[in-house]
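Residue numbers (our numbering), protein chains in the order written: chain A, 53 to 615; chain B, 170 to 382.
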Amino acid sequence: MKTEYDAIVIGTGVSGGWAAKELCEKGLKTLVLERGRMLSHPQDYTTANMDHWDFPSGDKITNEIKKNQPKQSRTGYVNTESTKHLFVDDLKHPYNEDKPFNWIRGYHVGGRSLTWGRQSHRLTKFDFEGNAKEGIAVDWPIRYEDMAPWYDYVEEYIGVSGENLGLPQFPSGKLLKPMELTCVENVLKEALAKKYDDRLLTIGRVAHITEGTKPGKGRVSCQYRNRCRRGCPYGAYFSSNSSTLPAAEDTGNMTLRPNSLVYEISYDEDKKKASGVKIIDAETMMTYEFKAKIIFVCASAIGSTSILLQSKSNRFPDGMGNDSGELGHNLMDHHFQIGASGKYDGFQDKYYIGKRPNGIYIPKFRNIGGNTNRKDFLRGYGYQGGGSRGDWTKQIAELSYGKDLKEAILKPGGWTMGLSGFGEILPYHDNRMYLNYNKKDRWGLPTVTFDASLKENELNMRKDMQQQAIEMLEAAGFKEVKGTGKKYNFGNGIHEMGTARMGRDPKTSVLNKYNQIHSVKNVFVTDGAAMTSGGNVNPSLTYMALTARAVDYAVKELNKRNL
Amino acid sequence: MKRRELIKNLGLGVGAITLTPAVSSLLHSCSDGTTWKPVFFSNDQIILLSNLTELIIPSDDEVPGAKELNLTKFIDLYVINMMEAKQQNLLKKAFDCFVENCLSESNNSNVNQITNEDLESRLKYFFKDKVSSHKSWNSDFYKYSRNFESNQNNPPVVALSYNFLNTIRRLTITSFKWSETIGEKVLAYNPIPGRQVGCVDLNEATGGRAWSP
Numbered sequence: 053m054k055t056e057y058d059a060i061v062i063g064t065g066v067s068g069g070w071a072a073k074e075l076c077e078k079g080l081k082t083l084v085l086e087r088g089r090m091l092s093h094p095q096d097y098t099t100a101n102m103d104h105w106d107f108p109s110g111d112k113i114t115n116e117i118k119k120n121q122p123k124q125s126r127t128g129y130v131n132t133e134s135t136k137h138l139f140v141d142d143l144k145h146p147y148n149e150d151k152p153f154n155w156i157r158g159y160h161v162g163g164r165s166l167t168w169g170r171q172s173h174r175l176t177k178f179d180f181e182g183n184a185k186e187g188i189a190v191d192w193p194i195r196y197e198d199m200a201p202w203y204d205y206v207e208e209y210i211g212v213s214g215e216n217l218g219l220p221q222f223p224s225g226k227l228l229k230p231m232e233l234t235c236v237e238n239v240l241k242e243a244l245a246k247k248y249d250d251r252l253l254t255i256g257r258v259a260h261i262t263e264g265t266k267p268g269k270g271r272v273s274c275q276y277r278n279r280c281r282r283g284c285p286y287g288a289y290f291s292s293n294s295s296t297l298p299a300a301e302d303t304g305n306m307t308l309r310p311n312s313l314v315y316e317i318s319y320d321e322d323k324k325k326a327s328g329v330k331i332i333d334a335e336t337m338m339t340y341e342f343k344a345k346i347i348f349v350c351a352s353a354i355g356s357t358s359i360l361l362q363s364k365s366n367r368f369p370d371g372m373g374n375d376s377g378e379l380g381h382n383l384m385d386h387h388f389q390i391g392a393s394g395k396y397d398g399f400q401d402k403y404y405i406g407k408r409p410n411g412i413y414i415p416k417f418r419n420i421g422g423n424t425n426r427k428d429f430l431r432g433y434g435y436q437g438g439g440s441r442g443d444w445t446k447q448i449a450e451l452s453y454g455k456d457l458k459e460a461i462l463k464p465g466g467w468t469m470g471l472s473g474f475g476e477i478l479p480y481h482d483n484r485m486y487l488n489y490n491k492k493d494r495w496g497l498p499t500v501t502f503d504a505s506l507k508e509n510e511l512n513m514r515k516d517m518q519q520q521a522i523e524m525l526e527a528a529g530f531k532e533v534k535g536t537g538k539k540y541n542f543g544n545g546i547h548e549m550g551t552a553r554m555g556r557d558p559k560t561s562v563l564n565k566y567n568q569i570h571s572v573k574n575v576f577v578t579d580g581a582a583m584t585s586g587g588n589v590n591p592s593l594t595y596m597a598l599t600a601r602a603v604d605y606a607v608k609e610l611n612k613r614n615l
Numbered sequence: 170m171k172r173r174e175l176i177k178n179l180g181l182g183v184g185a186i187t188l189t190p191a192v193s194s195l196l197h198s199c200s201d202g203t204t205w206k207p208v209f210f211s212n213d214q215i216i217l218l219s220n221l222t223e224l225i226i227p228s229d230d231e232v233p234g235a236k237e238l239n240l241t242k243f244i245d246l247y248v249i250n251m252m253e254a255k256q257q258n259l260l261k262k263a264f265d266c267f268v269e270n271c272l273s274e275s276n277n278s279n280v281n282q283i284t285n286e287d288l289e290s291r292l293k294y295f296f297k298d299k300v301s302s303h304k305s306w307n308s309d310f311y312k313y314s315r316n317f318e319s320n321q322n323n324p325p326v327v328a329l330s331y332n333f334l335n336t337i338r339r340l341t342i343t344s345f346k347w348s349e350t351i352g353e354k355v356l357a358y359n360p361i362p363g364r365q366v367g368c369v370d371l372n373e374a375t376g377g378r379a380w381s382p
C-alpha cells in the first residue's frame with residue numbers, strides 16, 4: 053500500500069471535492085479520504101426514480117426511520133424514505149447537546165454535496181467589511197475583490213442558473229439562464245418594484261445546469277423532476293460525485309479511500325509542519341498513517357475542527373493551530389423558519405409545467421447603507437419562498453366528502469405564496485462546540501458537544517423578518533396573509549460555520565487569508581470552519597471559491613519550496 | 170405540439186381508457202390479492218372503514234374510488250408507520266367513540282348493523298350540518314388529548330367522533346393521491362418534464378388536472 057502522497061484531502065463534500073480536483077489537475081498525487089462508504093454517480097442513486105407509491109406509506113419520515121435517526125428526523129425535511137440512506141445513523145454517530153442543536157450529516161463519498169439546497173449566492177462587500185466596521189469578532193482578512201475571480205471560476209465550472217441584477221448587495225456572476233417565476237411570484241415581483249426602492253424579487257440562484265452541459269460525469273440540463281436530494285442521474289445539479297471527483301479521477305492523480313476516518317493530523321516538531329494523517333479504517337478498525345507535503349482539511353466545519361482539536365502535540369496541547377484558543381468557538385448557522393404566507397385570488401386558468409427545484413429570492417435589504425440601516429439589529433436577511441397551486445380539499449369546507457371532493461382533488465387548488473427569511477447569526481465567542489472525552493464513539497474517538505444559541509440581535513431580526521414578509525404580501529394583494537414561524541433550532545440551516553476562523557492575527561484566529569493555519573503552514577482548512585462571519589446567504593459557493601483559491605496559493609508555495 | 174398532446178393524454182386520456190370497471194377491479198386483485206390482513210385495525214373495523222372511505226371518495230365510471238383502490242390497506246400501514254404511539258391510541262379511542270355515536274344515532278346495537286346510510290348521515294352531520302361546532306369540538310378534542318396519557322375516562326364522544334372522521338378523511342385523500350393508479354393514470358403524471366414554464370395556461374399544462382405529487 054502506498055503511504056506517501058503529495059497531498060491529502062480530508063472529506064469529499066463540496067470543499068473536499070474541489071480540493072481534490074484542483075490539486076490533481078495541478079499534477080499532485082493526491083490521497084482523498086472519506087469517513088463514509090463509497091457512493092458512485094449515478095448507479096448508487098437507488099431511489100432516484102421512485103414515486104410516493106413505491107413506498108408503503110409514501111415518501112415520508114416513518115417511525116422506523118426515527119428509531120435510528122432520531123436527531124436527523126428532527127428537522128422534518130431531510131431523511132424521508134427516499135433520502136434516509138444519505139443521512140447518518142444517530143445511534144452509530146452520537147453527539148451531545150448542552151443546548152439543542154440539530155447536526156444533520158451524511159457520511160458517504162460526496163457528503164452533503166448530494167443533499168444540499170443548491171442555492172448558490174456570493175457573499176458581498178457588506179459581509180467582508182461588516183466585522184471591521186461594526187467591531188464584531190475579528191476582521192475578515194480578505195475582501196470581496198479577492199474572492200470575485202474565484203466565484204467566477206467556480207460558477208463557470210459547476211453551472212449556476214439565475215439572474216444578474218448588478219447590485220452590490222447581490223453581486224452579478226457567471227450565470228446560466230434563470231428558471232421562470234410562477235404567475236403569483238410575478239405579481240409579488242411587480243408589487244415590490246412599485247412600492248419599494250430598497251428591495252426586489254428575483255428567481256433563486258441554484259447550482260443547476262439550465263442550458264448546455266458542464267464537465268464531469270455526463271452532466272446535462274435539469275429535467276425539472278425536483279428529486280434532487282436523492283442524487284441526480286442527469287448530474288444536473290452540482291455534486292462532488294458528478295463533477296469534481298470525476299475530474300480529479302480523470303487526471304490519474306487521485307487515490308480515493310472511503311471508510312477512512314481521520315482522527316489526527318501528525319505534527320513534526322522539528323520541521324514545524326504536519327507530516328501526514330492517521331486514520332482508522334471504519335470497517336476493519338485497523339489504523340494507518342499516510343504522509344504528504346500538504347493537507348487540505350475539508351471534513352465540514354464541525355468535522356474539521358474535531359480533527360484539529362484531536363491533533364495534540366507538545367507544540368499544540370489544545371489542538372493543532374489553536375494558539376488563539378478560538379478553535380471550536382464562534383459557531384454559526386443561518387436562522388430561518390419565519391416569514392409569512394398568503395392566498396391569491398385569480399389565475400384560476402393558469403398553472404405551470406415542470407417541478408422547479410428552486411424558489412424565489414429577495415436579496416438582503418437591511419443595513420446596506422443610508423435609510424436601510426437599522427438600530428434594532430446588525431446585518432440582515434434574504435427571503436426564499438415560492439408561489440404555487442395547492443389543494444382545494446383544505447380550502448373549501450363544502451367539499452368535505454363524496455363526488456365533489458373527488459373532483460376537487462383532481463384539480464389544482466388555489467394559489468398560495470410563502471416567504472421565509474434566512475438571517476445572519478453573528479459570530480459569538482461563547483457559541484461553540486467542544487469534544488467530550490468521557491463519551492466516546494464506537495471507534496474510541498471523543499464525541500462532539502454543542503453549546504450555542506441565538507441572541508438579542510438575531511431575535512430582533514426575526515421580528516422584522518416576519519413583519520416585512522406580512523407587509524410585502526399584503527402590499528401585493530395577497531389575501532388571508534398570516535405570519536408563519538416555527539421555533540428555529542440551532543443547526544436547522546445545516547450551515548455550520550466559524551469554528552476555525554480566518555483572520556489577520558494569529559492571536560485571535562486560526563487561519564490566515566489563504567485558509568492556511570497560521571502556525572502550521574502546510575495545513576489548509578477550506579470548509580465552513582473558515583468563515584469569519586456567516587453572511588445571510590447559503591454558503592457552499594463560498595467554500596468552493598475559498599478552496600480553489602487556497603489550492604492555487606498552496607501549490608504555488610509548494611513549488612517555491614515554502615511548504 | 171406533440172409534447173402538449175402527450176401531456177394531455179397523460180392527464181386525461183389514459184385515465185379514461187384504463188379505468189373501466191373491469192380493468193380497475195383487475196388492478197385491485199393483482200396488487201392486493203385476497204390475503205391482505207390489517208395490522209392496526211381489526212377486521213370489523215376495516216369493513217366499516219372501507220365503506221366510510223368509499224363514501225368519502227366514491228367510485229365513478231372514469232376514476233376508481235376508495236374501495237377499488239383498497240385505500241384502507243394504505244391507511245392501516247400509514248397509522249403503523251407514521252403515527253406515534255399516543256396518536257395511535259387516540260385514534261383507537263376515537264374509532265370506538267365514532268362507532269358508539271353511530272350506534273346511538275341509528276338505534277343499532279352491533280357494529281355489523283351499521284349501514285352506509287348510517288355512515289353517510291354521520292358524515293353529513295359532522296361535515297355539513299354542524300360546521301359551526303367544529304371549533305368547539307376541536308377544542309374539546311385537544312383538551313382530552315392533552316391529558317390522554319394519564320386519564321382516558323369520560324371521552325367527549327362527539328368531539329372524538331368528529332376528530333376520527335377528520336383523520337380518516339385526511340388519510341383517504343392522501344392515500345388516494347399517492348396511489349399508483351391515481352398518481353400515474355389520472356393525475357397529470359410526468360416524471361421527467363424536461364422543461365420548466367412558470368406561468369402557463371392550465372389546459373395547455375395538464376388539460377385541467379392537478380400535477381401528480
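Note that the Cβ used here is the ideal one computed from N, Cα and C, for glycine as well.
Going by the beta-carbon positions, is the gap between residue i and residue j smaller than 7 Å?
i: Lys81(A); j: Tyr97(A); result: no
i: Ala259(A); j: Phe290(A); result: yes
i: Tyr404(A); j: Met517(A); result: no
i: Met549(A); j: Ala288(A); result: no
i: Lys559(A); j: Ser376(A); result: yes
i: Gly328(A); j: Lys343(A); result: yes
i: Asp150(A); j: Thr501(A); result: yes
i: Thr584(A); j: Arg553(A); result: yes
i: Gly477(A); j: Glu510(A); result: Rather than Gly, the amino acid found at residue 477(A) in this sequence is Ile. Their beta carbons are under 7 Å apart, which means Ile477(A) touches Glu510(A) by this criterion.
i: Thr262(A); j: Ser224(A); result: no
i: Thr499(A); j: Asn148(A); result: yes
i: Ser363(A); j: Ile317(A); result: yes
i: Arg87(A); j: Leu313(A); result: yes
Just checking: is the beta-carbon of residue i within a distance shorter than 7 Å of some beta-carbon in chain A?
i: Leu371(B); result: yes
i: Pro362(B); result: yes
i: Gln365(B); result: yes
i: Pro382(B); result: yes
i: Leu217(B); result: no
i: Phe296(B); result: yes
i: Cys368(B); result: yes
i: Trp347(B); result: yes
i: Tyr247(B); result: yes
Looking at residue i and the ligand FAD, is the gap between the Cβ and the nearest heavy atom below 6 Å?
i: His386(A); result: With respect to small molecules bound, the structure shown includes none, and the ligand FAD cannot be examined in it.
Counting only beta-carbon atoms, is residue i nearer than 7 Å to chain B?
i: Ile390(A); result: no
i: Asn115(A); result: yes
i: Thr307(A); result: no
i: Thr296(A); result: no
i: His104(A); result: yes
i: Pro464(A); result: yes
Count the other CB atoms, across all protein chains shown, that sit within 10 Å of the CB of residue i; report buried if there are 16 or more and exposed otherwise.
i: Thr64(A); result: buried
i: His145(A); result: buried
i: Ser295(A); result: buried
i: Ala326(A); result: buried
i: Pro521(A); result: Sequence inspection shows Ala at residue 521(A); the Pro mentioned does not correspond to that position. So Ala521(A) ends up on the buried side.
Between residue i and the rest of its own chain, which residues show a CB-CB distance below 8 Å, the 5 nearest in sequence each way excluded?
i: Ala100(A); result: Pro94, Arg279, Arg282, Gly283, Cys284 and Pro285
For residue i, which residues of its own chain have a beta-carbon under 6 Å away from its beta-carbon, when the five flanking residues on both sides are left out?
i: Ala189(A); result: Asn183 and Pro479
i: Thr132(A); result: Asp111, Lys112 and Ile113
i: Leu487(A); result: Leu361 and Pro498
i: Ala191(B); result: Because the pLDDT at Ala191(B) is just 36, under 50, the model does not fix this residue reliably, and the value given afterwards should be weighed accordingly. Hits under 6 Å: none found.
Quick one: what's got a C-beta closer than 7 Å to residue i's C-beta in the same chain, skipping five residues either side?
i: Gly587(A); result: Leu175, Asp179 and Glu476
Would you say residue i lies against chain E (beta-carbon separation less than 7 Å)?
i: Cys235(A); result: The structure shown contains no chain E; its protein chains are A and B.
Give, in chain order, every unbroken run of the alpha helix (DSSP H) that is at least 4 residues long and sits entirely within the segment 174 to 254 of chain A. 177 to 186, 196 to 210 and 235 to 247
Let me know the beta strand (DSSP E) ranges lying completely inside the segment 332 to 366 of chain A, each 3 residues or longer, listed in chain order. 339 to 349
Mind pulling the beta strand (DSSP E) runs of 3 or more residues that sit fully within the segment 251 to 281 of chain A? none
For the segment 460 to 532 of chain A, list the alpha helix (DSSP H) runs that are entirely contained and at least 4 residues long, ordered along the chain. 508 to 527
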